[in-house]
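Visitor:
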Amino acid sequence: MSASLLMVLATLLFATMGVCVKLASAQYNAGEIVMYRGLVGTLFLFSLTRVQGLSLKTKVPAMHFWRSLSGVIALSLWFYAISKLPLATAMTLNYMSSIWMALFLIGGAVMMGGARVDPRLITTVLIGFAGVALVLRPTMGEQQIWHGLAGLASGMLSAMAYLQVTALGRVGEPEYRVVFYFSMGGAVAGALVSLSTPGGWHSHTWSGAALLLAVGVLATGAQLLMTRAYSLGKPLVNASLQYLGIVFSALYGVLLFGDLLSWQSWAGIALIVVAGLGATLLRARNTPKDEQHSVSES
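Using the numbering used here, the letters of the sequence shown correspond one by one to residues 18 to 315.
Quick look at the structure:
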């Protein structure tokens with residue numbers, strides 16, 4: 018399949034995963050969902066590496082730990098936001114990662130002292146946060162501001178995880194190994210959170226178990242498709258198609274959950290997409306080609 022088709026399928030799977038997370042949140046807390054999602058991914062990738070004769074041994078366990086820590090926290094916050102907000106809103110806030118990356122670049126340039134900050138990056142950041150203000154404005158009246166901030170924080174931590182994935186790529190760590198340790202970290206962290214939370218464990222029903230399995234399978238499948246797409250296609254095209262996940266989530270939200278977003282929310286989503294694409298384009302022009310294929314789920 019072409020890179021574009023792979024990316025479209027990946028975004029559809031991620032949006033479908035969001036549906037399963039929202040449905041599963043009626044029976045399980047975010048820690049449990051993260052744990053089972055990580056467990057499925059760990060078992061699948063372990064089996065895949067055994068069959069293909071690949072090695073999971075790493076010389077940089079500390080780097081994997083910090084990548085997994087930021088990624089797992091981001092994933093937990095994202096799943097929490099999905100359970101409390103309209104699906105398209107939670108998805109959009111998580112896709113703020115490209116805008117956070119631009120803000121990190123600005124901050125890094127300022128800290129270096131005397132480095133010139135690209136005014137276009139500043140513009141993308143301002144546009145992105147204007148979009149956030151519009152997206153969150155309808156939810157403030159419904160006392161959901163903290164849920165929105167959780168989704169916003171998930172995007173910021175996803176950007177940090179992206180930086181760490183890039184660093185792991187520089188030292189020669191293959192993508193399957195990065196995703197394996199991220200999945201394993203999610204399984205362990207989710208279990209610890211559930212153990213330390215009163216009533217953190219819930220009994221299973223057939224429907225609940227099926228939803229948890231679906232979350233893990235869909236997330237792992239989407240990650241593999243997205244990784245392949247980035248290895249074949251152009252980063253900017255892939256990044257553009259990735260925002261289809263918001264469209265798919267909006268359609269799911271309307272059809273399955275009766276989510277009716279206001280015109281302010283749609284305007285905010287549009288601004289975030291424009292800002293995200295602009296930030297991706299500016300970053301791609303200033304990033305070595307071998308670093309543009311790093312892919313991170315969270």
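We treat Cβ as the ideally placed atom computed from N, Cα and C, and that holds for glycine.
These numbers come from a predicted model, not from an experiment.
(1) Would you check if the region 65-82 and the region 196-206 touch, i.e. whether three or more CB-CB distances between them fall below 8 Å?
(2) Should residue 209 and residue 257 be called a contact, given that it needs their Cβ atoms to be closer than 9 Å?
(3) Using beta-carbon positions only, say whether residue 113 and residue 99 come within less than 9 Å of one another.
(4) When you compare only the Cα positions, how much space is there between residue 225 and residue 214?
(5) So what's residue 78 in DSSP terms, helix, strand or just coil?
(6) Measure how close the beta-carbons of residue 110 and residue 202 come, nearest whole angstrom, since I'm counting them as under 8 Å.
(7) Buried or exposed: residue 69, going by 16 or more other Cβ atoms within 10 Å of its Cβ?
(8) May I ask you to report which of helix, strand or coil DSSP gives residue 181?
(9) In the DSSP assignment, the alpha helix (DSSP H) including residue 69 goes from what residue to what residue?
(10) Verify whether the separation of the beta carbon atoms of residue 206 and residue 93 is less than 9 Å.
(11) Check this for me: beta carbons of residue 267 and residue 34, under 9 Å apart or not?
(12) Quick one, which of 218, 276, 289, 298 has its alpha-carbon nearest residue 42's?
(13) Apply the 10 Å Cβ neighbour rule to residue 129 and answer buried if 16 or more other Cβ atoms are within range, or exposed otherwise.
(14) Pop quiz: residue 296 and residue 119 are said to be a contact at Cβ under 8 Å. What is the actual Cβ separation, rounded to whole angstroms?
(15) If residue 211 sits next to residue 52, beta carbons under 8 Å apart, how far is it from one beta carbon to the other, in whole angstroms?
(16) I want to know whether the region 76-95 touches the region 174-182 - three or more CB-CB distances under 8 Å.
(17) For residue 144 and residue 288, what's the separation of their Cα atoms in angstroms?
(18) Output the distance between the C-alpha atoms of residue 264 and residue 27, rounded to the nearest integer angstrom.
(19) Compare the C-alpha of residue 25 against each of 242, 284, 298 and name the closest.
(20) Measuring CB to CB, does residue 121 end up less than 9 Å from residue 50?
(21) For residue 188, name the three-state secondary structure that DSSP assigns.
(22) Leaving aside the five residues before and after residue 245 along the sequence, list all residues of the same chain whose C-beta is less than 7 Å from its C-beta, in chain order.
(23) Does DSSP put residue 247 in a helix, in a strand, or in coil?
(24) Using a 10 Å radius around the Cβ and a threshold of 16 neighbouring Cβ atoms, would you call residue 164 buried or exposed?
(25) Going by C-alpha to C-alpha distance, which of 18, 146, 277, 284 sits closest to residue 117?
(26) For residue 29, does the three-state DSSP call read helix, strand or coil?
(27) For residue 161, name the three-state secondary structure that DSSP assigns.
(28) Mapping DSSP to helix, strand and coil, what is residue 44?
(29) Just to confirm, is the Cβ distance from residue 281 to residue 142 under 9 Å?
Guide: Taking the geometry as given:
(1) yes
(2) The residue you call residue 209 lines up with position 192 of the sequence shown. The residue you call residue 257 lines up with position 240 of the sequence shown. Not closer than 9 Å, so no.
(3) The residue given as residue 113 occupies position 96 in the sequence shown. The residue given as residue 99 occupies position 82 in the sequence shown. In this structure, residue 99 does not lie closer than 9 Å to residue 113 by Cβ.
(4) The sequence position of residue 225 within the sequence shown is 208, counting from 1. The sequence position of residue 214 within the sequence shown is 197, counting from 1. So the alpha carbons of these two residues sit roughly 20 Å apart.
(5) Indexing the sequence shown from 1 puts residue 78 at position 61. Reduced to three states, the DSSP call for residue 78 is helix.
(6) Start at 1 with the first residue of the sequence shown, and residue 110 comes out as number 93. Start at 1 with the first residue of the sequence shown, and residue 202 comes out as number 185. The pair is not a contact, with the Cβ atoms about 22 Å apart (cut-off 8 Å).
(7) Indexing the sequence shown from 1 puts residue 69 at position 52. Residue 69 is exposed by the Cβ-count criterion.
(8) Residue mapping note: residue 181 aligns to position 164 of the sequence shown, counting from 1. Here residue 181 sits in helix by DSSP.
(9) Here residue 69 is taken as the residue at index 52 of the sequence shown, counted from 1. Taken as a continuous stretch (DSSP letters only), the alpha helix (DSSP H) holding residue 69 covers 47-69.
(10) Taking the first residue of the sequence shown as 1, we reach residue 206 at position 189. Taking the first residue of the sequence shown as 1, we reach residue 93 at position 76. The answer is yes: Cβ separation under 9 Å.
(11) The sequence position of residue 267 within the sequence shown is 250, counting from 1. The sequence position of residue 34 within the sequence shown is 17, counting from 1. In this structure, residue 34 does not lie closer than 9 Å to residue 267 by Cβ.
(12) Numbered from 1 along the sequence shown, position 25 holds the residue referred to as residue 42. Closest by alpha carbon: 218.
(13) In the sequence shown, counting from the first residue as 1, residue 129 sits at position 112. Classification for residue 129: exposed.
(14) In the sequence shown, the residue the question calls residue 296 occupies position 279. In the sequence shown, the residue the question calls residue 119 occupies position 102. Rounded, the Cβ-Cβ distance is 4 Å, consistent with contact.
(15) Along the sequence shown, read from residue 1 onward, the residue named residue 211 stands at position 194. Along the sequence shown, read from residue 1 onward, the residue named residue 52 stands at position 35. That belief holds up - the Cβ atoms of residue 211 and residue 52 are roughly 6 Å apart, short of 8 Å.
(16) yes
(17) As a first step, residue 144 must be located in the sequence shown, where it is residue number 127. As a first step, residue 288 must be located in the sequence shown, where it is residue number 271. Rounded to whole angstroms, residue 144 to residue 288 spans 6 Å at the Cα level.
(18) Against the sequence shown, residue 264 aligns to sequence position 247. Against the sequence shown, residue 27 aligns to sequence position 10. Distance between the alpha carbons of residue 264 and residue 27 is about 13 Å.
(19) Residue mapping note: residue 25 aligns to position 8 of the sequence shown, counting from 1. Nearest of 242, 284, 298 to residue 25, Cα basis: 242.
(20) On the sequence shown, position 104 is the one that residue 121 refers to. On the sequence shown, position 33 is the one that residue 50 refers to. Their beta carbons are not under 9 Å apart, which means residue 121 does not touch residue 50 by this criterion.
(21) By 1-based counting over the sequence shown, the position of residue 188 is 171. The answer is coil: DSSP assigns residue 188 none of H, G, I, E or B.
(22) Along the sequence shown, one-based indexing puts residue 245 at 228. Excluding positions up to five away in sequence, the list reads 23.
(23) Mapped onto the sequence shown, residue 247 falls at position 230. Of the three classes helix, strand and coil, the one that applies to residue 247 here is helix, per DSSP.
(24) Locating residue 164 in the sequence shown gives position 147, where the first residue counts as 1. Residue 164 comes out buried.
(25) Along the sequence shown, read from residue 1 onward, the residue named residue 117 stands at position 100. Of 18, 146, 277, 284, the residue nearest in Cα terms is 146.
(26) Residue 29 sits at position 12 when you count from the first residue of the sequence shown. In the structure shown, residue 29 sits in a helix (DSSP, three-state: H, G or I).
(27) Taking the first residue of the sequence shown as position 1, residue 161 is located at position 144. Coil, per DSSP.
(28) As a working note, residue 44 is residue 27 in the sequence shown. Note: residue 44 maps to coil in three-state DSSP.
(29) Here the question's residue 281 lines up with position 264 in the sequence shown. Here the question's residue 142 lines up with position 125 in the sequence shown. Going by C-beta atoms, residue 281 is not nearer than 9 Å to residue 142.
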